[in-house]
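I have placed the structure first, in the form of structure tokens, so that the comments after it can refer back to it.
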Amino acid sequence: MMVPVRCFTCGKVVGEHWEAFSARREEGEDPAEVLDDLGVNRHCCRRMLVSHTDLVDVVSPYQ
Amino acid sequence: MTGLDVEVVEDGDRSMRFLVRGITPAYANGIRRAMIADVPTFAIDTVRVIENSSVMFNEQISLRLGLVPLTTPVGEFEEGDTVTLALDVSGPGTAYSGDLVSAEAMVEPAEQNVPIIQLKDGQRLELEADAVLGRGKSHAKHQGGVSVGYRHLQRVEVVGDLEEFAVDEPRIVRGVIEDDGELIPTSEFDHDLRNRYPGKELSVEDVPNAFVFHVETDGSFEAETLVDSAASSIGDRAAELHDAIQL
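Chains as they are written, first to last, in the numbering used here: chain Y, 1 to 63; chain W, 1001 to 1247.
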């Protein structure tokens, strides 16, 4: 629903990068380069952001 | 053990790399484990929810709050001490870790921008939370070290030239290499020895009893502090054992 706060595998805090990552990806930047730039280097942390979908907007009408 | 030979290879706020010579693998692993499990950090443990009309359950929000790293001053608190934090955010908008207000200036969120929950119009989140000083042993949220590990130092020597038509295969090495006593992180030549020694035949071997540690923290304290606290925790336990066996 919301981005995980930390990487499941190594425990690095990745949640803080989500908003920058998704905004820059929307602008058409290469996701790999954005992740490098944000300092998300390990592939365990990268998949946390690459594979995430925000679902709050989907769920909120059914509260 | 008489004086360790330590060289810092890379030094940053939250991550560092250093080489230690003259220790056994068991000793290196002891330091690694102490960094992961024995350096206490603050993490939110108990949450009293006053109002939560967001799309997430109280338990889910508590879990997210628990994972937010909190700055932990060394030596100021005892294990088990608590610090109270409060959060009050009304939608529309997002509640961030930076919105947590701490009762103790030394213990506050290390990251300001971790989204806790997105709130829609009319939704509200108000809560009080107790952060406890605990060890990584009891829960991963108390782990100060993130991806702490070590590798052997690799010694690279040029043996000769490659034959003219020899197959040019990649030689991938990760970590730190030693070339004539000089320490070079492999990231400098994209982890491929061909880039540094084109057309050379090489011998690569582990340097016995030399370990390169890579240490990263979650922001609770600096990497240097983590190593320092881990080392003294081993020392303290050794002293405790020493005292316990005195008749």
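Glycine included, every Cβ here is placed at the ideal spot set by N, Cα and C.
The alpha helix (DSSP H) that contains residue i, what's its start and end?
i       : result
W/M1035 : P1025 to A1037
W/G1066 : N1058 to L1067
W/D1013 : No alpha helix (DSSP H) holds W/D1013; DSSP gives it neither H nor E.
W/S1232 : A1223 to A1244
Y/P31   : P31 to L38
Y/R47   : H43 to V50
Y/D54   : Per DSSP, Y/D54 belongs to no alpha helix (DSSP H) and is neither H nor E.
W/A1166 : No alpha helix (DSSP H) holds W/A1166; DSSP gives it neither H nor E.
Y/E26   : W18 to E26
Residue i lies in the beta strand (DSSP E); which residues open and close that run?
i       : result
W/V1047 : T1041 to N1052
W/P1115 : P1115 to L1119
W/P1185 : E1182 to P1185
W/V1176 : V1176 to D1179
What does residue i reach in chain W if we use C-beta pairs closer than 7 Å?
i     : result
Y/S60 : V1055 and K1120
Y/G15 : V1114 and P1115
Listing by chain order, which chain Y residues have their CB less than 8 Å from the CB of residue i?
i       : result
W/A1140 : G11
W/R1151 : Near W/R1151 there are no residues of chain Y at all, since even the closest Cβ is about 15 Å away, more than 8 Å.
Mind checking if residue i is an interface residue toward chain Y, Cβ cutoff 8 Å exclusive?
i       : result
W/D1218 : yes
W/I1245 : no
W/L1067 : yes
W/R1155 : no
W/V1176 : no
W/V1146 : yes
Tell me, please, whether the CB atom of residue i is closer than 8 Å to any CB atom in chain W?
i     : result
Y/R25 : no
Y/E33 : no
Y/V40 : no
Y/E19 : yes
Y/V5  : yes
Y/V87 : With chain Y covering 1 to 63 only, the question about residue 87 of chain Y has no answer from this structure.
According to DSSP, which residues form a beta bridge with residue i?
i       : result
W/V1132 : W/A1043 and W/T1082
W/F1018 : W/V1008 and W/F1213
W/Y1096 : W/P1115
W/D1200 : Checking the sequence shown, residue 1200 of chain W turns out to be Lys, not Asp. Note: W/K1200 sits in a beta bridge opposite W/D1161.
W/P1109 : W/L1070
W/Q1154 : W/I1177 and W/D1206
W/D1192 : W/I1172
Y/V13   : Y/R6
W/D1088 : W/E1126
W/R1101 : According to the sequence displayed, residue 1101 of chain W carries Val and not Arg. Paired residues: W/A1086.
W/G1145 : W/T1217
Determine the chain W residues that contact residue i at a beta-carbon separation under 8 Å, and present them in chain order.
i     : result
Y/R47 : Per Cβ cutoff of 8 Å: no residues; Y/R47 is ~15 Å from chain W at best.
Using the beta-carbon of each residue, which ones in chain Y are nearer than 7 Å to residue i?
i       : result
W/E1111 : V13 and E16
Run through chain Y and tell me which residues come within less than 9 Å of residue i, C-beta to C-beta.
i       : result
W/R1064 : M2, P4, V5 and G15
Worksheet item: Can at least three beta-carbon pairs, one atom from the region 1195–1211 of chain W and one from the region 1154–1166 of chain W, be found at a separation below 8 Å?
Response: Between the region 1195–1211 of chain W and the region 1154–1166 of chain W there are three or more inter-stretch CB-CB distances shorter than 8 Å, so the stretches are counted as touching.
| said: Tell me whether the region 1031–1042 of chain W and the region 1135–1145 of chain W touch, counting them as touching only if at least three CB pairs, one residue from each stretch, are closer than 8 Å. | reply: The way I'd put it, the region 1031–1042 of chain W does touch the region 1135–1145 of chain W; three or more beta-carbon pairs between them come closer than 8 Å.
Touch check for the region 1049–1056 of chain W and the region 1187–1202 of chain W: three-plus C-beta pairs under 8 Å? With the cut-off at 8 Å, the region 1049–1056 of chain W and the region 1187–1202 of chain W do not touch.
Task: Cβ contact (3+ pairs, closer than 8 Å) linking the region 1220–1237 of chain W and the region 1172–1182 of chain W - done: Output reads no: the region 1172–1182 of chain W does not touch the region 1220–1237 of chain W.
Q: Count the CB pairs spanning the region 1085–1098 of chain W and the region 1111–1128 of chain W that are closer than 8 Å, and state whether there are at least three.
A: With three or more CB-CB distances shorter than 8 Å, the region 1085–1098 of chain W counts as touching the region 1111–1128 of chain W.
Q.
Does the structure place the region 8–26 of chain Y close enough to the region 1107–1115 of chain W that three or more beta carbon pairs sit under 8 Å?
A. With contact defined as three or more Cβ pairs closer than 8 Å, the region 1107–1115 of chain W and the region 8–26 of chain Y are in contact.
| said: Quick test of the definition: if touching needs 3 or more C-beta pairs under 8 Å, does the region 1001–1011 of chain W touch the region 26–35 of chain Y? | reply: Put simply, the region 1001–1011 of chain W does not touch the region 26–35 of chain Y. Fewer than three CB pairs are less than 8 Å apart.
The region 1208–1221 of chain W / the region 1014–1027 of chain W touching (three or more Cβ pairs under 8 Å) = These segments touch.
Evaluate contact between the region 42–56 of chain Y and the region 2–10 of chain Y, counting only Cβ atoms and requiring at least three cross-stretch pairs below 8 Å. The region 42–56 of chain Y vs the region 2–10 of chain Y: in contact.
Would you be able to state if there are at least three C-beta pairs under 8 Å between the region 1101–1109 of chain W and the region 1063–1072 of chain W? Verdict: yes, contact present.
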